[in-house]
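Residue 1317 in this note's numbering sits at position 298 of the sequence shown; the count goes up by one each step and never skips. Where is the CB? At the ideal position from N, CA and C, for every residue including glycine. Being a predicted model, the structure only gives us computed values, none of them experimental.
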Amino acid sequence: MKAPIALFAYRRADHLSRTLDALEACEGFADHDLHIYSDGPKNAAAVADVEAVRELLGFRKRPNMTVVAQEANRGLANSIISAVTALTDQYGSVIVVEDDLLLQPSALLWFQGALEKYSSSEQVMHVGGYQYSVPEFESQRSGSFQRFTTSWGWATWKRAWKHFDAQATGWEELDSDPLLERSFNAGGTFPFADMLRKQMRGGLDSWAIRWWWSVFKADGLAVMPPKSLVTNIGFDSSATHNSVGSAKALLSGPRPAVWDKPGPPDLPGAVELVPFAEQAFRRGLLRTNAMRNHKIKKGLAALGMRRFQT
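Have a look at this one:
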């Protein structure tokens, strides 16, 4: 049985239309059940946009498609946690996509191939579809294992998702253990620890940071492609979690290379963390400027700029 695809939509019909176009162009799309979760409006201003999404989904109905239309607004985090739990219970695995992601034509083959190949490899907990700009990987055909999870197009198994801890048990240890904090921050290259603190103190609503904590605590690995199989088109004023706005274009790092070869990337053989690949990947993370930008935001918050305060 092929893994189902869970697609999460809210109020951006134009983005969703492009996401559906890309999904339907993927090799093997018709072999997967597609479950679309359309969240309800958060307020009166969102009603018309949500109705436009529902109208689009009615027009785009396909034989393998099931639409779950929520009356109330559940929020992305609750929607993903609930759906991934239900679908992995039913199917054993799931592929997760949001309404601002464009998949390359071979992306579903990559996800399904990894789900099958590593189905019994307990340490492999996450299949990523997105890749950052890592020049050392761009001439390679094979993916790599990393201690890092991405949220822009991913897949997992029931056996791995059972480790998901919504309460992020033990997160307070980050405040007293600098080595733990550095490790959780991917060797000091990404501001995960502060994201988790913000989540647990009520300033953020993210399933992704809690999933990374769960994988990290279980000593899990993610398999990632050498170049990105996913493009994010959501960084505009309509994005639910885009707090930086138009400034992001000035602050972000280099654009990732996109996988454009026939067929999917090759899957790595042995399940192991290769030092060269991990070091190259972390250099790529540094080039995103995520840690630098985070420090700038913390500095601005310390100066009293409310927009950057948690």
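Rounded to whole angstroms, how far is the Cβ of A1276 from the Cβ of S1247, which I believe are closer than 8 Å? 7 Å
For L1122 and V1290, believed in contact at Cβ under 8 Å, the rounded distance: The Cβ separation is near 25 Å, so there is no contact.
Should F1338 go down as buried or exposed, given a rule of 16 or more other Cβ atoms within 10 Å for buried? Since the displayed the chain opens at 1020 and closes at 1329, residue 1338 lies outside it and no answer follows.
How should D1058 be labelled, buried or exposed, when 16 other C-beta atoms within 10 angstroms of its C-beta is the threshold for buried? buried
Run the CB neighbour count on F1300, radius 10 Å, all protein chains shown included, and call it buried at 16 or more, exposed below. buried
Starting from E1117 and walking both ways along the beta strand (DSSP E), at which residues does that stretch end? S1112 to E1117
If you reduce the DSSP assignment to three classes, tell me which class T1104 lands in. helix
For S1195, the nearest candidate out of Q1186, A1205 and A1212 (CA to CA): A1212
For D1052, which option in Y1029, H1034 and A1025 has the closest C-alpha, if you only look at C-alpha atoms? A1025
Is the beta carbon of Y1149 closer than 7 Å to that of T1169? yes
Of the residues G1282, G1077 and P1082, the one placed nearest A1000, counting alpha carbons only: The first residue shown for the chain is 1020 and the last is 1329, placing residue 1000 beyond what the model contains.
On a CA-only basis, which of T1208, A1187 and L1042 is nearest D1224? Give me that one, please. A1187
Would you mind sorting E1117 into buried or exposed? The rule is 16 or more other CB atoms within 10 Å of its CB. buried
Helix, strand or coil for N1083? Go by DSSP, reduced to three states. coil
Cβ atoms of A1102 and Y1056: under 7 Å apart, would you say? yes
If you follow the beta strand (DSSP E) that H1145 is in, where does it begin and where does it stop? V1143 to G1147
Rounded to a whole number of angstroms, what is the C-alpha to C-alpha distance between L1039 and W1171? 15 Å
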